[in-house]
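Colleague: Numbering (the working numbering), first residue to last: 50 to 682.
Here it is in structure tokens:
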């Protein structure tokens with residue numbers, strides 16, 4: 050006993066004396082996998098390099114079949130992330146194979162966790178860092194490096210190893226990929242598994258006590274980690290979602306659908322059981338049958354852009370391909386495995402719908418990317434997508450969907466089928482019809498000050514991430530035009546493919562509308578005349594002084610008028626509209642800059658504006674750099 054304690058003491062002494070100062074080590078055995086967790090890893094290293102250039106960064110990796118240069122090149126190609134190789138090093142682990150799930154068909158959680166401890170021990174013998182960061186979820190490495198190695202510990206938790214949702218699922222006897230039929234059938238097996246899960250959750254919580262800094266990637270993960278690890282200091286650090294390239298994508302999906310009548314659906318995600326690609330194939334099978342019954346010539350194609358980490362993932366692909374062959378879906382599925390970043394952008398540009406089917410996804414970077422790229426996003430109604438992503442804008446505008454949530458095959462099929470009707474029945478009108486984006490009502494006082502009375506928007510053709518900034522800029526532009534216009538003036542400002550029409554009545558009541566090029570200026574002027582007449586008939590001039598903000602204005606008819614005047618042919622006969630404004634003089638301006646007074650600059654007005662958020666000002670600056678000034682795309 051004494052000798053055992055002596056050898057343990059000497060081991061601890063040797064290990065701790067070998068600890069490297071100014072070294073930060075990330076435990077990420079699958080750093081070359083190309084998934085969302087790897088994006089977090091590379092973004093974290095790049096940011097820390099910029100913040101602390103004198104530190105050395107090591108990555109415990111099991112990808113010993115790749116060189117440092119190859120791993121960093123893949124990070125650049127897959128994510129567009131470049132890290133400085135000078136202070137990035139790799140500690141290659143030979144035992145990574147022991148943590149793979151296919152070795153443990155039973156007691157997978159327990160045996161994988163114990164295997165993670167062994168892999169962590171190999172890592173410790175090769176390098177003892179000053180700071181140890183587990184960025185992949187191996188819980189026993191946390192007490193190992195805290196109490197044996199003496200390192201400072203941080204954990205970035207993508208997904209809890211076990212959750213109360215998993216325990217509840219077993220208690221409800223639901224069949225899933227990790228809850229076999231044989232267990233569901235027998236009470237003794239169910240009770241044994243419940244005991245196993247609860248004991249595991251208890252020891253998982255003990256591992257969490259070793260962590261100095263806890264970070265989680267979303268609200269769902271945060272809730273479970275706080276409950277399991279008994280910690281209130283877990284901080285939500287959303288995964289890095291650089292959507293700049295996705296926002297800049299030119300969406301060609303609608304044009305391609307018009308051309309070849311192929312409804313393209315894109316699935317992005319690693320080929321893992323929990324991603325539930327089987328459900329996607331079941332949805333596809335149902336859709337193919339529905340379209341065959343209609344005989345309208347529309348074909349549906351599902352593209353699975355998945356990351357394959359190892360042979361186990363490739364075996365899953367083979368199983369899914371066999372399923373496609375059995376169901377007659379081979380020609381309806383395209384496989385794009387481990388695609389580079391540029392090809393992923395092309396796929397998003399060509400796809401009408403993005404689909405996500407993982408139950409309790411911890412966050413859902415692919416959901417964010419799909420929304421930013423302008424696809425119709427259909428995500429699973431649980432976890433991160435439900436709690437953090439597919440939400441009403443600023444918690445409001447619930448009638449304006451920014452995506453769809455569905456939890457069952459029937460619900461998923463229903464959403465996709467509805468979108469197919471939208472595109473197939475109205476695709477030509479969707480592309481060719483004139484578009485009215487907004488109507489804004491202002492009042493210009495005698496001293497030249499302008500107040501916003503009411504506004505209505507139809508921004509459904511813009512991506513979710515653009516809508517807030519687009520709306521603010523439309524309001525900013527509208528107020529600017531009214532300020533620069535005299536009483537009784539009508540003007541139209543052309544900016545790229547967008548047109549801002551302004552009409553200021555002699556009593557100071559004004560309207561501004563933003564349209565596309567198909568919406569004729571004379572029609573817009575007639576529409577705004579009708580809008581102002583309707584407004585003044587319901588909100589009398591004596592009440593205008595009391596309106597300080599839009600909330601003070603009780604006028605409710607603007608959204609209805611916006612919808613009505615989307616198609617002027619239905620709102621009023623075109624010939625009559627033309628006759629009414631035939632003699633009206635409309636001043637045309639080629640750019641917003643031409644409206645400004647001499648010496649004024651639009652850049653300065655944007656910077657000084659108190660009505661534009663920092664996000665919208667950044668949006669404007671990026672648009673200027675891309676030579677798309679005031680282009681709402």
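Note that beta-carbon positions come from the ideal geometry of N, C-alpha and C, so glycine has one too.
If you reduce the DSSP assignment to three classes, tell me which class residue 349 lands in.
Modeller: Residue state, collapsed to three classes: strand.
Colleague: Can you look up residue 402 in the DSSP assignment and give me helix, strand or coil?
Modeller: Strand, per DSSP.
Colleague: CA-CA distance, residue 386 and residue 357?
Modeller: Approximately 7 angstroms, taken between the alpha carbons.
Colleague: Kindly indicate which residue of 238, 220, 183 and 172 has the alpha-carbon position closest to the one of residue 700.
Modeller: The requested residue 700 does not occur in the structure, where the chain is confined to residues 50 to 682.
Colleague: Using C-beta distances below 7 angstroms, list every residue in its chain close to residue 149, excluding the 5 sequence neighbours before and after it, in chain order.
Modeller: These residues qualify, in order along the chain: 359 and 361.
Colleague: How long is the line joining the alpha carbons of residue 370 and residue 379, rounded to whole angstroms?
Modeller: If you take the alpha carbons of residue 370 and residue 379, they lie about 7 angstroms apart.
Colleague: Would a C-beta distance cut-off of 8 angstroms place residue 109 and residue 78 closer than the cut-off?
Modeller: Cβ atoms of residue 109 and residue 78: closer than 8 angstroms.
Colleague: Count the other CB atoms within 10 Å of the CB of residue 187; is the residue buried (16 or more) or exposed (fewer)?
Modeller: Result: buried.
Colleague: According to the neighbour-count rule (16 or more other Cβ atoms, all chains shown, within 10 Å of its Cβ), is residue 279 buried or exposed?
Modeller: Residue 279 is exposed by the Cβ-count criterion.
Colleague: Give the C-beta separation of residue 561 and residue 531 to the nearest angstrom, bearing in mind that I take them to be a contact with Cβ-Cβ under 8 angstroms.
Modeller: Residue 561 to residue 531, Cβ: 7 angstroms. Contact.
Colleague: Based on Cα-Cα distance, which residue from 569, 528 and 557 lies nearest to residue 543?
Modeller: The shortest C-alpha separation from residue 543 is found at 569.
Colleague: Locate the alpha helix (DSSP H) running through residue 609, then write down its first and last residues.
Modeller: First-last of the alpha helix (DSSP H) with residue 609: 607 to 613.
Colleague: Going along the chain, which residues of its own chain have a beta-carbon closer than 7 angstroms to the beta-carbon of residue 282, five neighbours each way excluded?
Modeller: Taken in chain order, the residues that qualify are 263.
Colleague: Considering only their Cβ atoms, is the gap separating residue 86 from residue 215 smaller than 8 angstroms?
Modeller: It is not a contact, given that the beta carbons lie outside the stated cut-off.
Colleague: CB-CB under 8 angstroms to residue 611, same chain, minus the five flanking residues each way: which ones, in chain order?
Modeller: The residues are 485, 487, 488, 505, 506 and 507.
Colleague: Which value, in whole angstroms, describes the spacing of the CA atoms of residue 553 and residue 536?
Modeller: So the alpha carbons of these two residues sit roughly 5 angstroms apart.
Colleague: Of the residues 340, 73 and 500, which one's Cα is nearest the Cα of residue 594?
Modeller: Taking only the C-alpha atoms, the option nearest residue 594 is 500.
Colleague: Quick check: what's the CA-CA separation for residue 170 versus residue 193?
Modeller: Cα to Cα, the separation comes out at about 8 angstroms.
Colleague: Looking at the unbroken beta strand (DSSP E) that takes in residue 543, where does it start and where does it end?
Modeller: Run containing residue 543: 539 to 544, per the beta strand (DSSP E) assignment.
Colleague: Among 105, 66, 118 and 128, which residue has its Cα nearest to the Cα of residue 92?
Modeller: Closest option to residue 92, Cα to Cα, is 128.
Colleague: Please check the pair residue 104 and residue 136, which I expect to be a contact at CB under 8 angstroms, by giving their CB distance rounded to whole angstroms.
Modeller: Confirmed, about 7 angstroms.
Colleague: Could you give the uninterrupted runs of the beta strand (DSSP E) lying entirely in the region 266 to 322, keeping only those of 3 residues or more?
Modeller: Taking only runs of at least 3 residues, the beta strand (DSSP E) segments lying wholly in the region 266 to 322 are 311 to 317.
Colleague: Output the residue ranges of the beta strand (DSSP E) runs that lie fully inside the region 198 to 267 and measure 3 residues or longer, sorted by chain position.
Modeller: Here the runs fully enclosed are 201 to 206 and 262 to 265.
Colleague: Expressed to the nearest angstrom, what Euclidean distance is found between the alpha-carbon atoms of residue 95 and residue 81?
Modeller: Whole-angstrom Cα-Cα distance: 16 angstroms.
Colleague: Below 6 angstroms CB to CB, which residues in the same chain sit around residue 382 once its five sequence neighbours on both sides are set aside?
Modeller: Cβ neighbours of residue 382 beyond the five flanking positions: 351 and 373.
Colleague: Check the DSSP bridge columns for residue 426 and list the partner residues they point to.
Modeller: Bridge partners of residue 426: 403.
Colleague: Would you mind sorting residue 145 into buried or exposed? The rule is 16 or more other CB atoms within 10 Å of its CB.
Modeller: With 16 or more other Cβ atoms within 10 Å, it is buried.
Colleague: Can you give me the C-alpha to C-alpha distance between residue 384 and residue 269, rounded to a whole angstrom?
Modeller: Cα to Cα, the separation comes out at about 31 angstroms.
Colleague: With DSSP as the reference, label residue 500 as helix, strand or coil.
Modeller: Here residue 500 sits in strand by DSSP.
Colleague: At which residues does the alpha helix (DSSP H) containing residue 583 begin and terminate?
Modeller: Segment 570 to 587, the alpha helix (DSSP H) holding residue 583.
Colleague: Report buried or exposed for residue 435, applying the criterion of at least 16 other Cβ atoms within 10 angstroms of its Cβ.
Modeller: Flag for residue 435 reads buried.
Colleague: Expressed to the nearest angstrom, what Euclidean distance is found between the alpha-carbon atoms of residue 524 and residue 516?
Modeller: Going by the C-alpha atoms only, they are around 12 angstroms apart.
Colleague: When you compare each of 398, 437, 430 and 411 to residue 422 by their alpha carbons, which one comes out closest?
Modeller: Comparing Cα-Cα distances from residue 422 to each of 398, 437, 430 and 411, the minimum goes to 398.
Colleague: According to DSSP, is residue 454 helix, strand or coil?
Modeller: Note: residue 454 maps to strand in three-state DSSP.
Colleague: Determine the closest residue to residue 203 out of 318, 196, 197 and 191, with distance taken between C-alpha atoms.
Modeller: Cα-wise, what sits closest to residue 203 is 191.
Colleague: My assumption, with CB atoms under 8 angstroms, is that residue 197 sits in contact with residue 219. Please give the rounded CB distance.
Modeller: With 8 angstroms as the limit, residue 197 and residue 219 do not qualify as a contact, their Cβ atoms being about 33 angstroms apart.
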